[in-house]
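Under the numbering used here, the residue at position 51 of the sequence shown is numbered 50, and the numbers go up by one with no gaps.
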Amino acid sequence: MNKEAIYLTEEGYALMKQELEHAQKILYEEIPEKLKASKLNGGDLRENKEYMYLQSQQQYYEREVRRLTSILESAEILPEEDISKDEIGIGSSFILQDLTIMESGTFTLVSRPEVDLEKGKISVESPVGRLLLGKKEGDEVTAALPWGEAKFRVISINK
Numbered sequence: 000m001n002k003e004a005i006y007l008t009e010e011g012y013a014l015m016k017q018e019l020e021h022a023q024k025i026l027y028e029e030i031p032e033k034l035k036a037s038k039l040n041g042g043d044l045r046e047n048k049e050y051m052y053l054q055s056q057q058q059y060y061e062r063e064v065r066r067l068t069s070i071l072e073s074a075e076i077l078p079e080e081d082i083s084k085d086e087i088g089i090g091s092s093f094i095l096q097d098l099t100i101m102e103s104g105t106f107t108l109v110s111r112p113e114v115d116l117e118k119g120k121i122s123v124e125s126p127v128g129r130l131l132l133g134k135k136e137g138d139e140v141t142a143a144l145p146w147g148e149a150k151f152r153v154i155s156i157n158k
């Protein structure tokens, strides 16, 4: 099967591997144990709310294990030394200033599976991410966002 490569930082790959191990532990150890205990409580399983909840949890973790396995199998890890300090690319951390409100923040450009907006990790596939790809310190971009147009300046690239 020819899957499209997913670029992950070393940190992102390690975190996803950890997430996969956690999901597998829940799916293959914890849920079966709880299902067994729930069955022992007796009664009609179709009316056992705990059993039905555990089955839905089992389905969720089966999907999560498949999703994470697929990402990790398709992943190409970007070594830290390959991340440019001269222009923004996947894995680059940079300070971006919103020229409308004159506020700055530190962000990292990542592939979709690594996105974490609370940690400032934005997708290379997002409207702003696409505009920032290849930009250098001092470059400005204008992005059409749902609430209107915003203008940003790259203050520095930290790798």
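Glycine included, C-beta positions come from ideal geometry on N, C-alpha and C. Note that this is a predicted model, so its numbers are computed, not measured.
LEU26 is positioned such that its CB atom lies closer than 9 Å to that of GLU63. Counting every other CB atom within 10 Å of its CB across the protein chains shown gives ALA74 a total of 16 or more, marking it as buried. The straight-line gap separating the alpha-carbon atoms of MET15 and LEU67 is approximately 7 Å. Residue environment for LEU53: buried (at least 16 other C-beta atoms within 10 angstroms of its C-beta). DSSP assignment within the region 99-158 yields the following whole beta strand (DSSP E) runs of 3 residues or more, N-terminal first: 102-109, 120-122, 139-144, 147-156.
In this structure ILE5 is not in contact with ILE87, their Cβ atoms being roughly 19 Å apart against a cut-off of 8 Å. Sixteen is the threshold: when 16 or more other Cβ atoms of the shown chains lie within 10 Å of the Cβ of PRO112, as they do, the residue is buried. The Cβ neighbour count for ILE156, taken over all protein chains shown within 10 Å, is at least 16; the residue is labelled buried.
Counting C-beta pairs closer than 8 Å gives fewer than three between the region 99-106 and the region 46-61, which falls short of the contact rule. Cβ-Cβ separation between LEU108 and PHE151: approximately 13 Å, too far for a contact (criterion under 8 Å). Classified as exposed, LEU144 has fewer than 16 neighbouring CB atoms from the shown chains inside 10 Å of its CB.
VAL153 places its beta carbon less than 9 Å from that of ILE94.
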